[in-house]
Amino acid sequence: MKRKGRTYTISAVADQYEIHPQTLRLYEREGLLKPSRSEGNTRVYTDTDLERLEVILSLTRDLGVNLAGVEIILNMREKMDAMQREFERFFTYLQTHVEEFSNFTDAPPPEAGALVPVARGIALRRRSASRS
């Protein structure tokens, strides 16, 4: 359900999703929803809040997940999203530096005991046999 950057009151959200306003307050107390507050301290729900509410309602209504399970699922979803963003940044980094890495790996193997250039940002140390 696409929205246009609007904000919604607790009663409007409760009516739209056919839930009691107390349910929304419970979700807030449990940390599942975090609506902002107006100047008059009234709860204000954003489009992002409503998308999160839809996930919560789907998990509880359709799948029978309890609130503790919903919290775990939402936390894991946030972590997965963060990991996805990190992976995309890493992939972009690799794409921009692929030529540098390919030049480094195309070199013939060094002779034993030879000094070799090390790629920027990578440092390797070889422990001697006498150290443990």
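Heads up: the sequence shown at position 51 corresponds to 51 in our numbering, and the numbers run straight through without jumps.
The beta-carbon is built from N, C-alpha and C at its ideal position, and this holds for glycine as well.
Quantities reported herein were computed from a predicted structural model and do not represent experimental measurements.
Item: I'd like to check one pair, leucine 32 with glutamate 71: are the Cβ atoms closer than 8 angstroms?; Value: yes
Item: Give the straight-line distance between the Cα atoms of aspartate 47 and leucine 63, rounded to the nearest whole angstrom.; Value: 23 angstroms
Item: Skipping 5 residues on each side, what residues in its chain have a beta carbon closer than 8 angstroms to that of glycine 69?; Value: Leu59
Item: Which residue or residues does DSSP assign as beta-bridge partners of tyrosine 45?; Value: Tyr8
Item: Is DSSP giving serine 58 helix, strand or coil here?; Value: helix
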